Structures are given as structure tokens and as C-alpha cells.
Amino acid sequence: MKTALITGASRGIGAECAKVFAKDNYNVVINYNNSENQARALEESLIRQGFSAKAIKADVSKEDEVGYLVSETVKAFGSIDVLVNNAGIWHFGVLTDISSDCWDHIINVNLKSVFLVTKAVLPYMINKKEGSIINVSSIWGLVGASCEVPYSAAKAGVIGFTKALSKEVGPSNIRVNCVAPGVIGTDMNKDLSDEELADLKDKTPLGRIGSPEEIAKIIRFLASDGASFITGQVISPNGGFVIY
Ligand code: NAP
């Protein structure tokens, strides 16, 4: 049985990824940081349905906690076949109001975490000469968002990381790809007003925001044999909001 480690899987897109991979017979590791109850409830629900799941707490921006996450995963399931670097936080504010600490926090959770978790997981994939890594960026990493400079910079960094690493580890039969979603209905957008949401839908050719399930299915595809010749690519499921 293969194993998928999904960071930030207590809620939103990560939680949907855990469900999709579990239903396809993967052992799934549900990483969480603050939302322990949600992570445990998801773990219990998947196990109750006969699937294999384990929730593990770790702040993925901290190297020692990432070490714990990866070693507990390997202890439980023996290997790691798929890594989904999904954990992320969002911040809204003009650049002149952003403190150096705030900048570091956004970059560390959204970008440094991708480096830390990938670095810790890669030896297991290189050893097997097989693996798939999917990094979650954002349309704002592609085109930039006003009042979201640190988030946009971090997500653009995730795209550069994906492209460079795919070249480095391709010879070890490890594929590295990136998903850059548009506006998705998760807690991350819960503070948007009805007017803001209506405006976003208006500007989207498909006329709606996306669901976390739609993103999880693309991530699942990128990890599958159907995507065996895809590496270093960015797929942006965004309803046509950004076409580049
Ligand atoms: P969400 O519902 O707010 O969930 C965020 C997840 O990240 C939670 O499970 C949270 O875990 C986890 N997380 C945050 N900081 C963490 C840390 N330091 N260590 C470990 N886990 C951490 O957000 P979402 O919409 O599903 O977002 C998932 C990813 O998609 C993010 O990378 C986000 O930037 C990206 N994205 C989202 C959208 C969108 O419109 N929603 C669009 C483009 C890209 P805890 O609650 O347990 O702390």
C-alpha cells in the first residue's frame, strides 16, 4: 500500500486530499497544526470507513517538528510515496504596514515549509527511485495580488521551487508538480463579503468559485500513473479567472 503525506490536512483542500487518497487505498497522513479536533475527526471518520489514516501534529515551518512528522510517518507506514505540500496561510495588508516578523511568518509557513518537508521526505523517495511531490501555490503566485505581497511572493517561490527541483530529482524518477488554484470555498476565504464574492464570480468565466474537492482531484491526478510524464508543471484550476 502506498503512503501520501499531506501537510495542512485538518481543513479545506488538504482535508479533501486526505479523503481522495484514502479512498484510492493510500495510507494517508493528516498533518495539522492548530485544528486538532478537526484532524482527529477526519482520521476517525476515514478509519471508520475502513481506510488507513493517521493524524500527526507538526508546525511545518519548524525544522524539528518536520523531522518528527516525517519520522512518525515512516514509523507508521514504512515509506512515503506522495507528498502534498499544501499547508498555507493568507495575509491581507499593504506592504508598508507589514512588519519584518509578519513577512517571515508568511514566507516560513508558505514557502520555507515546502523546502523543509521536501528535504526531509526526499531521501525516502530517492531510495525507492520513485515518488511524486505536489506543491500548492496560488493564482496570486502567478499574477500577484495587491495587498498580498508576502503571500504572492511566497507562492511565486513555490512555483520556482517546483520547476528547479523537478530538474534535480527527475533522474531519480521523482516527479514534482504544482497546483495554483483560483478562489476556492474554504476557511481561507471566509472573511470575504457577499459583494466581494459576487465580484470574484462575475470576473470568472465559469461564473463560480471552486470547491476543495475539485483541487484534490487534480492533485490526485498529478500523483497518478496517468500523469507519469508530467513534471515541473504548474496547473491552475481557476475557472478561467486567470489565463496565462
Ligand atoms: P484553509 O482551509 O485555511 O486550511 C489551511 C490548512 O493549512 C489547515 O489545515 C491548517 O492547519 C494548515 N496550516 C496552516 N499553517 C500550518 C503550519 N504552520 N503547519 C501545519 N499546517 C498548517 O486553507 P485552504 O484554502 O485549504 O488552503 C490550502 C492551500 O491552498 C494553501 O497553501 C493555500 O495558500 C492554497 N490556496 C488556497 C486558495 C483558496 O482560495 N482557498 C487559493 C489558492 C491557493 P491547522 O488549522 O491545523 O493549523
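Residues 571 to 814, numbered by the working numbering, are exactly what the sequence shown covers, in order.
Even glycine gets a Cβ: it sits at the ideal position worked out from N, Cα and C.
It should be emphasised that the depicted structure is a prediction, and the values quoted were computed from it without experimental measurement.
- Its chain contains R745, N747, L792 as the residues whose beta carbon lies nearer than 8 Å to that of I800, once the 5 sequence neighbours on both sides are disregarded; these appear in chain order.
- By the neighbour-count criterion, in which a residue is buried when 16 or more other Cβ atoms sit within 10 angstroms of its Cβ, F647 is buried.
- Per the C-alpha coordinates, the member of I709, K698, R581, E738 positioned closest to E783 is R581.
- For the pair of segments examined, the stretch 764-779 was found not to touch the stretch 699-710: the number of CB pairs separated by less than 8 Å stays below three.
- In terms of side-chain proximity, the C-beta atom of W660 is found nearer than 7 Å to a non-hydrogen atom of ligand 1.
- In the structure shown, N743 adopts coil according to DSSP, grouped into three states.
- Spanning the alpha carbons of F662 and K682 requires a straight line of approximately 20 Å.
- When only Cα atoms are considered, I650 and G714 end up about 33 Å apart.
- By the neighbour-count criterion, in which 16 or more other beta carbons inside 10 Å mark a residue as buried, M695 falls on the buried side.
- The three-state secondary structure of Y596, taken from DSSP, is coil.
- As the crow flies, the alpha-carbon of Q803 is around 13 Å from that of G740.
- Separation of Y814 and Y721 (C-alpha to C-alpha, rounded to the nearest whole angstrom) is 20 Å.
- For D671, the shortest separation between its Cβ and any heavy atom of ligand 1 does not lie below 7 Å.
- Looking at the backbone, the Cα of I805 and that of P751 are separated by about 8 Å.
- In the DSSP annotation of this structure, the continuous segment of the alpha helix (DSSP H) that includes A611 starts and ends at 606-618.
- By the 16-neighbour rule on beta-carbons within 10 angstroms, V664 is exposed.
- The three-state secondary structure of C587, taken from DSSP, is helix.
- The Cβ atoms of V691 and L653 lie closer than 8 Å to each other.
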